[in-house]
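Below: one structure, written as structure tokens.
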Amino acid sequence: MSGRRLIIAPSLLACDFGRLSEEVQKVEEAGADWLHVDVMDGHFVPNLTMGPAVVDAIRRCSKLPLDIHLMIDHPAQYVRPFLDAGSSSLTPHVEAAGLKAPGSVEMLVDAVHRAKARAGLAIRPKTAAEALKPYLSVLDLVLVMTVEPGFGGQQFIPQALPKVRQLRQWYQGDISVDGGITEETGVLCRQAGANVLVAGTYVFKSSATRHTIQTLRGA
Ligand code: DX5
Ligand code: ZN
11 MSGRRLIIAP SLLACDFGRL SEEVQKVEEA GADWLHVDVM DGHFVPNLTM GPAVVDAIRR
71 CSKLPLDIHL MIDHPAQYVR PFLDAGSSSL TPHVEAAGLK APGSVEMLVD AVHRAKARAG
131 LAIRPKTAAE ALKPYLSVLD LVLVMTVEPG FGGQQFIPQA LPKVRQLRQW YQGDISVDGG
191 ITEETGVLCR QAGANVLVAG TYVFKSSATR HTIQTLRGA
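Numbering (the numbering used here), first residue to last: 11 to 229.
The following block contains the structure:
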């Protein structure tokens with residue numbers, strides 16, 4: 011495992027939304043590095059979650075970087091509202107409708123960078139690492155889904171690990187893994203070269219949050 015900074019990013023998808031500010035505070039006090047926010051539109055994935063208004067609410071109860079995972083079609087249409095809401099990074103999917111046209115990913119990345127935010131790009135489990143390769147020089151973050159996007163609490167897909175290994179050979183920026191991350195699968199991902207662990211269920215369903223986050227750090 012490298013000396014690259016390890017980031018633990020609890021996914022708020024698994025929190026109790028009726029107590030959002032307390033849940034945010036709980037993971038912040040327990041040592042989280044970033045807050046991961048899963049945005050779903052009911053088209054790109056068969057589920058609906060939060061929009062810019064919720065990101066704005068989270069921004070007002072935490073100082074942590076907000077890592078926004080956009081599981082939506084036509085993400086470019088929503089870049090401005092999510093940036094205005096206080097997003098620190100925006101990570102749409104390379105498979106999203108609206109990002110297939112030549113130059114469209116680069117335009118989105120530019121818009122994010124002009125707002126001094128970080129730009130990421132994500133791939134589904136069935137998408138090859140090669141799909142990210144043309145963009146690596148302009149990206150701050152890549153995200154490898156380790157479950158099918160759409161829902162928390164699923165089983166980790168080990169076939170994602172070779173993709174992480176491949177990406178680490180090409181890319182020195184942040185490599186994030188998302189889905190089914192626990193102490194055990196977290197170690198496998200770190201060994202493969204990931205340095206950002208997104209974990210929803212494992213962190214929020216734990217009764218000892220600080221300890222759980224430490225287990226992800228390998229401490
Ligand atoms: C799934 C989301 C994940 C999800 C992970 O589409 O991208 O961030 O919250 O949840 P767990 O850790 O429960 O698999
Ligand atoms: Zn996510």
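No residue lacks a Cβ here, since even glycine has one placed at the ideal position from N, Cα and C.
Do residue i and residue j have their CB atoms nearer than 8 Å?
i      : j      : result
Ala19  : Asp77  : yes
Val37  : Val206 : no
Leu153 : Ala132 : yes
Ile223 : Ala95  : no
Val34  : Ile68  : yes
Val148 : Glu116 : yes
Ala139 : Lys173 : yes
Leu151 : Asp184 : yes
Val187 : Thr211 : no
Arg227 : Leu22  : no
Leu142 : Val122 : no
Quick check on this structure: which residue in the options has the alpha carbon closest to the alpha carbon of residue i?
i      : options                    : result
Ala209 : Thr219, Pro56, Gly189      : Gly189
Trp44  : Pro75, Val64, His79, Gly28 : Pro75
Gln182 : Leu146, Gln201, Gly160     : Leu146
Tyr88  : Asp51, Lys110, Ile191      : Asp51
Arg169 : Leu80, Gln176, Pro135      : Correcting the residue type first, residue 169 is Gln in the shown sequence and not Arg. Residue Pro135 is the option with its Cα nearest to Gln169.
Thr47  : Pro102, Phe54, His84       : The question names Thr, but residue 47 in the sequence shown is Val. Nearest option by C-alpha distance: Pro102.
Just verifying my parser: in three-state terms, what is the DSSP assignment at residue i?
i      : result
Leu151 : strand
Pro172 : helix
Ser217 : coil
Pro20  : strand
Phe206 : The sequence as given places Val at residue 206; Phe does not occur at that position. DSSP places Val206 in strand when its eight states are reduced to three.
Ile185 : strand
Ile223 : helix
Val49  : strand
Ile78  : strand
Do residue i and the ligand ZN come close, with the Cβ less than 7 Å from some heavy atom?
i      : result
Asp184 : no
Val104 : no
Val208 : yes
Asp48  : yes
Ser21  : yes
Asp188 : yes
His221 : no
Looking at the ligand DX5, does it come within less than 7 Å of residue i, judged from the CB to the closest heavy atom?
i      : result
Gln164 : yes
Ala24  : yes
Phe54  : no
His84  : no
Ile191 : yes
His123 : no
Original post:
Can you give, in chain order, each stretch of the alpha helix (DSSP H) that sits fully within the region 90-138 and has at least 4 residues?
Top reply: 114-124
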